[in-house]
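All you need for my numbering is the position in the sequence shown, starting with 1, plus 1. A quick write-up on the structure given underneath.
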Amino acid sequence: MGPGVAELFMAVCRAEVMALKPGNVHVHAAGHGMTVADFLLSADVAAPEIARPGAAVGERILRAVRATRAAVNCNTNLGILLLTAPLARAAEMPPSRPLHDRVCAVLEELSVEDAEAAFEAIRLASPGGLGRAAEHDVAGPATVDLRTAMAAAQSRDRIAAQYADGYRDVFGIGVARARALTGKDVGKDAVSMAEAVYLEFLTAFPDSHVLRKQGEAVAAGLMAEAQEVRRQLAAVSSDAVRHDHLFAFDARLKWQGINPGTSADLTVASLFAHCLEDRDRTGGGRETPSGRVAWACA
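See the structure below:
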């Protein structure tokens, strides 16, 4: 029997933490007051809640945030949980339709109760740079379904935008990049795939976490620098030189206190979706001889 949803969730969270993601927390360098251990523990305690059979999207998010706060007492994964809960719910549906179609169906069925639970989760996580909203503010009671509430925030939050536009970035950018790596050397390595997907998001649009916390100029400058780094990486074949470029970029961002958290969250969601698609194709996924998830989700 292949890996379950919770196991895949933990696998992609671990791969993302192992990846050298400039500006974000990873095994090569901590930062922003959080450690790799915080993220790994968060993944372990959140996984059974995100994968809870039959649970509504809002319930999955809230229970996972509560478990995370109890374990690490800080916000390590709110964006990840908001993005992966609908994917996990869609994974429970019969695979007679593509995963993307099932995700869209899940989004269409979101309720006011989902919004209330998600609002409570966001308040509990207390993410940096949240601020106040003119309508459907999470500080107050939910009066509309979760998708409608997210749509109101989509212009300032790329995670909210996924709810509004049917996970267009996750599937159109992240999963598409992961698929493009299938069969190539980098595609055999989950960590390299995570780095490639992260860089794809970092160069596609201004990171909305950076935008909220540090403004348009910093976010635009980050995207431009990421595009230049990607050009540099394309010109080298040596893994050592490639990592030197990424390390230097990482050091510059952390020195400036810049954390592209939204790009990291979208990376996890994309890898999760990619693995769930692979699980559908293979009738339950694959295992290594030891029984652990094989990173052949590609």
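Where is the CB? At the ideal position from N, CA and C, for every residue including glycine.
Exposed unless 16 or more other CB atoms sit within 10 angstroms - verdict on residue i
{"i": "residue 23", "result": "buried"}
{"i": "residue 239", "result": "exposed"}
{"i": "residue 1", "result": "What is shown of the chain runs 2 to 299, which leaves residue 1 out entirely."}
{"i": "residue 102", "result": "exposed"}
{"i": "residue 80", "result": "buried"}
{"i": "residue 271", "result": "buried"}
{"i": "residue 74", "result": "exposed"}
{"i": "residue 95", "result": "exposed"}
{"i": "residue 148", "result": "buried"}
{"i": "residue 4", "result": "buried"}
{"i": "residue 257", "result": "exposed"}
{"i": "residue 124", "result": "exposed"}
{"i": "residue 292", "result": "Its pLDDT being 36, under 50, residue 292 is placed unreliably by the model, and the measurement read from it follows with that caveat. It counts as exposed."}
{"i": "residue 59", "result": "buried"}
Segment limits, alpha helix (DSSP H) that includes residue i
{"i": "residue 210", "result": "209-215"}
{"i": "residue 183", "result": "Segment: none, residue 183 is in no alpha helix (DSSP H) and carries neither H nor E."}
{"i": "residue 11", "result": "6-19"}
{"i": "residue 95", "result": "It is not in any alpha helix (DSSP H) - residue 95 carries neither H nor E in the DSSP assignment."}
{"i": "residue 62", "result": "58-73"}
{"i": "residue 49", "result": "37-51"}
{"i": "residue 101", "result": "100-109"}
Nearest to residue i (by Cα), restricted to the options the options
{"i": "residue 262", "options": "116, 44, 169, 158", "result": "158"}
{"i": "residue 77", "options": "46, 7, 163", "result": "46"}
{"i": "residue 202", "options": "174, 214, 179, 223", "result": "174"}
{"i": "residue 231", "options": "197, 269, 222, 208", "result": "197"}
{"i": "residue 245", "options": "208, 212, 9, 29", "result": "29"}
{"i": "residue 225", "options": "208, 213, 241, 237", "result": "208"}
{"i": "residue 25", "options": "168, 44, 247, 5", "result": "247"}
{"i": "residue 172", "options": "215, 126, 85", "result": "85"}
{"i": "residue 264", "options": "36, 153, 216, 160", "result": "160"}
{"i": "residue 276", "options": "234, 179, 40", "result": "179"}
{"i": "residue 41", "options": "269, 274, 107, 109", "result": "269"}
Residues near residue i by beta carbon distance below 8 angstroms, same chain, minus five either side
{"i": "residue 57", "result": "90, 112, 114, 115, 118"}
Beta-carbon contacts of residue i that lie in its chain and below 7 angstroms, excluding the five residues immediately before and after
{"i": "residue 135", "result": "Its pLDDT being 45, under 50, residue 135 is placed unreliably by the model, and the measurement read from it follows with that caveat. Same-chain partners within the cutoff: there are none."}
{"i": "residue 20", "result": "27, 192, 195, 196, 199"}
{"i": "residue 204", "result": "224, 227, 228, 231"}
{"i": "residue 62", "result": "82, 83, 86, 118, 119, 122"}
Same chain, Cβ closer than 6 angstroms to residue i, neighbours up to 5 away in sequence not counted
{"i": "residue 168", "result": "104"}
{"i": "residue 1", "result": "The structure shown does not extend to residue 1, since the chain is modelled only from 2 to 299, so the question has no answer here."}
{"i": "residue 7", "result": "48, 49, 52"}
### Whole alpha helix (DSSP H) elements within the segment 198-283, 4-residue minimum
209-215, 217-235, 240-256, 262-282
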